Amino acid sequence: MKEKIKETLFELIRIKSVDGNFEELKKVADFAEGYLKNAPVIKRWERNGKHSIYASLSEFPRVVFVGHLDVVDAEDKQFNPVIEGDSIYGRGALDMKGPDAVMLELARTLIDSGKRPAVAFLFTTDEEVGSEDGVEWLLKKDEINAEFAVIPDGGENFNLVVAGKGVLHFKVSCRGKATHGSRVWEGENAIEKCIKIYGDMKHSGLFPQEPCNVEDHWHNTINLGKLVGGDSVNRVPDHAEMYIDTRFVKPYTVKTFKERLLSFVPSDAEFEVISYGEPVETPLDNPYLLSMKESVREVIGREPGFVKEHGATDARFFEEKGIHSVILYPVGGNIHGKDEWVSLDSLVKLYNIFERFVEKALG
Ligand SMILES: [Zn+2]
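According to my numbering, the residues represented by the sequence shown are 20 to 382, in order.
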């Protein structure tokens with residue numbers, strides 16, 4: 020299996036499946052289809068040039084394994100995989116063509132075995148750009164259903180990610196009244212209005228100020244990422260826009276968190292949501308989670324930790340449909356960086372973990 024995983028991963032890395040490269044996005048989905056084509060149920064979609072492919076071993080799968088086959092862009096040489104000792108270097112080695120290779124091999128092995136556990140596999144090609152045409156769309160359309168999702172796209176060293184922060188990105192636009200910078204009393208400064216709204220939000224008590232002394236920073240956060248407005252030093256600006264990134268934890272939901280933020284926006288300013296996602300929380304006694312924990316322990320010889328993830332993952336789209344999930348990564352590093360790598364030995368372990376998990380949870 021080690022050799023097969025390595026070969027599959029090498030093939031995947033060589034496909035330059037980056038945003039906008041429609042030919043290669045199709046090619047990588049075709050490549051995955053080759054592993055899945057004999058599954059009892061197989062579906063494929065294309066939306067805005069992004070391909071998704073789904074294979075199920077049973078009509079009513081209970082667990083779905085989820086992978087994305089797209090990667091962030093890199094120098095050309097990173098699309099030529101290299102192995103040094105146990106480490107495979109290349110774009111997507113860890114995020115997440117390594118785990119994809121494991122899932123493709125597992126899918127093919129299960130399909131060929133003739134066994135029919137209630138498991139499905141989903142591969143998309145737009146996670147790095149927000150999953151709008153992949154996981155999000157498929158779940159909203161009810162194309163995918165399951166009781167539990169396994170997403171090997173986060174965490175580290177086999178620890179199990181069981182919680183994720185919610186996210187709300189929005190834009191606030193303010194209008195003012197332009198006048199000459201020497202006669203400010205005749206105008207209204209739109210940039211100052213924006214800054215006041217931001218200050219009111221930031222100091223409302225919703226967001227602990229850093230340093231917060233909370234070790235894991237499991238609290239709401241706010242970031243003013245972009246501020247645009249005005250046109251000249253000696254003019255009072257009559258327009259301004261700010262783009263704000265907030266992350267939040269339960270018990271807030273997108274709806275209640277948005278309502279709190281809206282209370283700081285006066286009626287003459289505009290508030291526009293850019294994107295959002297619910298916070299994720301898998302109960303620690305979820306039976307699938309416990310099966311995964313046991314499988315990890317059996318394979319790596321130690322108890323995996325339960326950890327939390329600050330960044331948003333595809334898990335949020337599953338959570339919105341009431342489907343709990345677990346996220347875990349093998350050993351590797353430098354995601355999105357120059358020397359992205361994964362340990363081949365740990366990919367073999369990931370394979371063994373998933374194989375056991377399917378047997379325990381669905382056997
Ligand atoms: Zn903090």
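Yeah, the Cβ is synthetic: ideal placement off N, Cα and C, and Gly gets one too. The model shown is predicted, which means the values in this text are computed figures rather than measured ones.
* Please name the residue or residues paired with Asn242 in a DSSP beta bridge. => The secondary-structure analysis by DSSP pairs Asn242 across a beta bridge with Asp264.
* Asked: Does the beta carbon of His199 fall short of 7 Å from some heavy atom of ligand 1?
  -> His199 has its Cβ no nearer than 7 Å to any heavy atom of ligand 1.
* Which residue from Thr332, Lys23, Asn353 and Ser344 puts its Cα closest to that of Asp145? -> Checked all of Thr332, Lys23, Asn353 and Ser344; the closest Cα to Asp145 is Thr332.
* Neighbourhood of Met20 by C-beta distance below 8 Å, restricted to the same chain and skipping five residues each side -> Counting only Cβ-Cβ distances below 8 Å, and skipping sequence neighbours, we find Glu124, Val367 and Tyr370.
* To do: Tell me whether Leu309 is buried or exposed, calling it buried when 16 or more other Cβ atoms sit within 10 Å of its Cβ.
  => So Leu309 counts as exposed.
* Continuous beta strand (DSSP E) stretch holding Phe140: start and end -> Per DSSP, Phe140 belongs to the beta strand (DSSP E) from Val138 to Thr143.
* Classify Ile342 as helix, strand or coil using the three-state DSSP reduction. => DSSP, reduced to helix, strand and coil, places Ile342 outside both helices and strands of the structure shown, so it counts as coil.
* Glu22 CB to nearest heavy atom of ligand 1 below 7 Å -> Glu22: no, Cβ never under 7 Å from ligand 1.
* Sequence-distant residues of its chain with Cβ nearer than 7 Å to Ile32 (five each side left out) -> Excluding residues within five positions, the ones whose Cβ falls inside 7 Å are Phe98, Pro100, Gly109, Arg110, Gly111, Ala112 and Lys116.
* **Residue from His70, Glu313 and Phe84 with nearest C-alpha to Ala139** => The shortest C-alpha separation from Ala139 is found at Phe84.
* **Val180 (DSSP reduced to helix, strand or coil)** => DSSP places Val180 in strand when its eight states are reduced to three.
* CB-CB length for Ser106 against Trp360, believed under 8 Å -> That belief holds up - the Cβ atoms of Ser106 and Trp360 are roughly 5 Å apart, short of 8 Å.
* Asked: Who are Tyr54's beta bridge partners in DSSP?
  -> Tyr54 pairs with nothing; no bridge assigned.
* Buried versus exposed call for Ser294 [16 or more other C-beta atoms within 10 Å across all chains shown] -> The residue is exposed, with fewer than 16 neighbouring Cβ atoms inside 10 Å.
* To do: Spell out a yes or no on whether the segment 342-357 and the segment 162-182 are touching, meaning 3 or more CB-CB pairs, one atom from each, closer than 8 Å.
  => Flag = yes, the segment 342-357 and the segment 162-182 touch.
* To do: Pick out the complete alpha helix (DSSP H) segments inside the segment 310-336, 4 residues or longer, and give them in chain order.
  => Those alpha helix (DSSP H) runs which fall completely within the segment 310-336 and span 4+ residues do not exist here.
* How about Val233: is its Cβ closer than 7 Å to a heavy atom in ligand 1? -> For Val233, the distance from the CB to the nearest heavy atom of ligand 1 is below 7 Å.
* Distance CB(Leu28)-CB(Lys69) smaller than 8 Å -> Not a contact, by the Cβ cut-off of 8 Å.
* At which residues does the beta strand (DSSP E) containing Gly86 begin and terminate? -> First-last of the beta strand (DSSP E) with Gly86: Val82 to His87.
* Any heavy atom of ligand 2 closer than 7 Å to the CB of Glu328? -> Only ligand 1 can be found as ligands here, which leaves ligand 2 out of the picture.
* To do: Using 7 Å as the cut-off, classify the Cβ of His236 as near or not near the heavy atoms of ligand 1, replying yes or no.
  => True, at least one ligand heavy atom lies under 7 Å from that Cβ.
* Spell out the partners DSSP gives His70 in its beta bridges. => BP columns for His70 point to Glu65.
* When every heavy atom of ligand 1 is checked, does at least one fall within less than 7 Å of the C-beta of Pro227? -> Of the heavy atoms belonging to ligand 1, at least one sits nearer than 7 Å to the Cβ of Pro227.
* Would you check if there are 3 or more beta carbon pairs closer than 8 Å linking the segment 265-284 to the segment 214-224? => Touching, yes, given that three or more Cβ pairs across the two stretches are closer than 8 Å.
* Return the Cβ separation of His258 and Ala209 in integer angstroms, given the expectation that the two are a contact with Cβ distance under 8 Å. => Going by Cβ atoms, the distance from His258 to Ala209 rounds to 5 Å, so yes, they are a contact pair.
* In angstroms with no decimal places, state the Cα-to-Cα distance between Cys231 and Ile263. => Their backbone Cα atoms lie some 20 Å apart in a straight line.
* Terminal residues of the continuous beta strand (DSSP E) containing Glu291? -> Ala288 to Gly296 is the span of the beta strand (DSSP E), which, as asked, contains Glu291.
* Could you check the C-alpha separation between Ile319 and Ser365 for me, to the nearest Å? => The alpha-carbon of Ile319 is positioned some 9 Å away from that of Ser365.
* Asked: CB Phe189 to CB Phe290, shorter than 8 Å?
  -> Note that the C-beta distance between Phe189 and Phe290 is below 8 Å.
* To do: Pull up the distance between the alpha-carbon of Tyr271 and that of Trp64, whole angstroms please.
  => Cα-Cα distance, rounded: 34 Å.
* Expressed to the nearest angstrom, what Euclidean distance is found between the alpha-carbon atoms of Pro227 and Thr240? -> Rounded to whole angstroms, Pro227 to Thr240 spans 7 Å at the Cα level.
* Asked: How should Asp131 be labelled, buried or exposed, when 16 other C-beta atoms within 10 angstroms of its C-beta is the threshold for buried?
  -> Asp131 is exposed by the Cβ-count criterion.
* So the beta strand (DSSP E) Tyr108 belongs to, where does it begin and stop? -> Where Tyr108 is concerned, the enclosing beta strand (DSSP E) stretches over Ser106 to Tyr108.
* **Pair within 8 Å by beta-carbon distance, Ile342 and Glu166** => It is a contact, given that the beta carbons lie within the stated cut-off.
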